[in-house]
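Each position in the sequence shown, counted from 1, maps to that position plus 400 in our numbering. We put the CB at the ideal spot given by N, CA and C, even for glycine. Worksheet: one structure, shown below.
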Amino acid sequence: MSKRIIASIIAASILIIALSFQLVGSFIEGDEDETDAMGLFSNSEKLEEKVVERGSSNKRIVELSLEGAIIDNPSTNPNPFGGGGYQHDRFLKKLETIKEDASIKGVHLYVNSPGGGVYESAEIHDKLLEIQEAGKTIYVSMGNMAASGGYYISAPADRIFASNDTFTGSLGVIMESINYQELANEYGVKFNTIKSGEFKDIMSPTKEMTDADREILQTLVDESYQQFVDVIAEGRDMSGNRVKELADGRIYSGKQAVENGLVDEIGFREDTLKALKEEIGGDPQVFEYKNNMASFFNLPFAESLMPNSEIRYIEKLISQRQGPRMMYMYTE
């Protein structure tokens with residue numbers, strides 16, 4: 401039996417098991433409406449709530465978790481059933497729901513992320529500002545890492561907590577590309593480019609970058625960097641010059657971040673929630689949104705069982721190229 405057939409059988413088996421667990425879980429939790437079960441197959445389903453701590457339903461705190469790279473790139477997740485880590489559209493939907501829900505008075509946001517796309521980070525940042533403008537308090541708890549874009553989205557928070565060992569900082573912008581021209585030439589792969597202007601193929605992986613190319617791209621990076629500086633200056637009530645002293649790309653421990661003003665207090669998730677409950681006052685209910693189906697059926701898993709080669713690698717590089725992309729991302 402070929403590896404391709406074996407991979408297909410294994411992947412299909414995992415999918416069936418995952419669906420079974422999810423459907424059984426839905427019925428155990430009392431989802432009597434059949435349309436709720438069908439909602440498992442859509443990313444547009446109504447957000448379901450799970451009460452974490454009982455309390456006043458008119459004064460509530462919602463717990464959110466943002467874990468993984470902040471990137472909206474559906475093409476990298478071929479799973480038609482959703483899941484597979486961070487889901488940008490779903491997270492934005494949660495933020496919009498929170499803004500419109502008058503019973504929610506506080507947001508406990510747990511961030512464990514190395515950052516991500518400039519665009520996606522800005523979308524989340526702006527949504528959090530709208531939530532604050534709606535009169536809600538936001539406290540952030542940083543996990544193992546809340547760097548670059550992870551810090552960008554944390555900056556507007558009313559209070560930021562981190563552990564001593566949290567990695568944060570990495571304040572800045574990065575733009576990278578892979579140049580595989582020499583590798584392609586070695587295997588006789590030729591590229592024919594017809595372009596309308598000198599810079600139409602800027603940062604192309606099939607040609608060397610020129611000084612003019614680099615100058616143009618640097619101006620874009622500088623613009624996004626200044627936007628990052630402005631966000632921190634406003635969110636942390638710092639001067640732009642002070643932010644630039646800190647925003648040289650280095651990472652900080654939680655302890656260092658408290659000392660330089662990027663974080664307010666050392667503490668874990670439970671400390672953050674306790675402080676937020678005291679800020680909100682009374683006896684607030686604490687809840688979270690249920691996750692949708694996890695991504696068990698992942699095509700790259702099946703692909704990993706198939707033979708690889710350098711030619712396949714070149715094919716993958718070419719097919720996945722999406723052009724230059726600026727990132728608020730900590731890269732090791």
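Does any residue of chain D have a CB that is nearer than 8 Å to the CB of residue i?
| i | result |
| --- | --- |
| Met729 | Here there is only one protein chain, and chain D is not present. |
In three-state DSSP terms, what is residue i?
| i | result |
| --- | --- |
| Ser442 | Per-residue confidence for Ser442 stands at a pLDDT of 44, beneath the threshold of 50, marking its modelled position as unreliable; no derived number is given. |
| Ile498 | helix |
| Glu467 | strand |
| Thr610 | coil |
| Gln581 | helix |
| Lys550 | Strictly speaking, residue 550 in this sequence is Gly, with Lys absent from that position. Looking at Gly550 - three-state DSSP - the assignment turns out to be helix. |
| Ala534 | coil |
| Arg650 | coil |
| Ser521 | helix |
| Arg490 | helix |
| Phe628 | helix |
| Arg559 | strand |
| Gly516 | strand |
| Asn544 | strand |
| Ile594 | coil |
| Lys450 | strand |
| Leu528 | helix |
| Lys600 | coil |
For the candidate residues the options, whose alpha-carbon lies nearest to that of residue i?
| i | options | result |
| --- | --- | --- |
| Val631 | Leu620, Lys459, Lys644 | Lys644 |
| Leu464 | Asp565, Leu447, Asp472, Ser457 | Leu447 |
| Gly543 | Asn564, Lys527, His525 | Asn564 |
| Leu571 | Glu533, Asp558, Met545 | Met545 |
| Phe628 | Asp501, Asn592, Gly485, His525 | His525 |
| Ala675 | Gln626, Asp648, Asp558 | Asp558 |
| Ala657 | Glu688, Gly485, Phe567 | Phe567 |
| Gln626 | Ala647, Leu673, Glu688, Gln532 | Ala647 |
Leaving out the 5 sequence neighbours to the left and right, which residues in its chain are closer than 6 Å to residue i when beta-carbon positions are compared?
| i | result |
| --- | --- |
| Gly455 | Asp683, Pro684, Gln685 |
| Lys655 | Asn564 |
| Ile602 | Asp613 |
Is the beta carbon of residue i sitting closer than 8 Å to the one on residue j?
| i | j | result |
| --- | --- | --- |
| Ile578 | Met729 | no |
| Ser554 | Pro514 | no |
| Ile560 | Asp664 | yes |
| Ile735 | Ser521 | Here the chain comprises residues numbered 401 to 732, so residue 735 is not present and cannot be evaluated. |
| Gly569 | Tyr652 | yes |
| Lys450 | Lys690 | yes |
| Leu466 | Leu495 | no |
| Lys607 | Gln581 | yes |
| Pro556 | Gly635 | yes |
Which residues in the same chain as residue i place their Cβ atom closer than 7 Å to its Cβ, once the five residues preceding and following it in sequence are excluded?
| i | result |
| --- | --- |
| Lys677 | Ile461, Pro684 |
| Ala633 | Ser639, Gly640, Val643 |
| Thr497 | Leu447 |
| Leu530 | Checking the sequence shown, residue 530 turns out to be Glu, not Leu. Here the set comprises Lys499. |
Excluding the five sequence neighbours on either side, which residues of its own chain have a C-beta within less than 8 Å of the C-beta of residue i, listed in chain order?
| i | result |
| --- | --- |
| Met726 | Gly517, Val518, Val573, Ile574, Met575, Leu620, Val621, Ser624 |
| Arg742 | Residue 742 lies beyond the range of the chain shown here (401 to 732); nothing can be said about it. |
TODO: Check whether the segment 530 to 539 touches the segment 492 to 509, counting contact only when three or more Cβ pairs, one atom from each stretch, lie closer than 8 Å.
DONE: Yes: at least three Cβ pairs fall under 8 Å.
Task: Segment contact, 8 Å Cβ cut-off, at least three pairs: the segment 652 to 669 with the segment 485 to 499 - done: With the cut-off at 8 Å, the segment 652 to 669 and the segment 485 to 499 do not touch.
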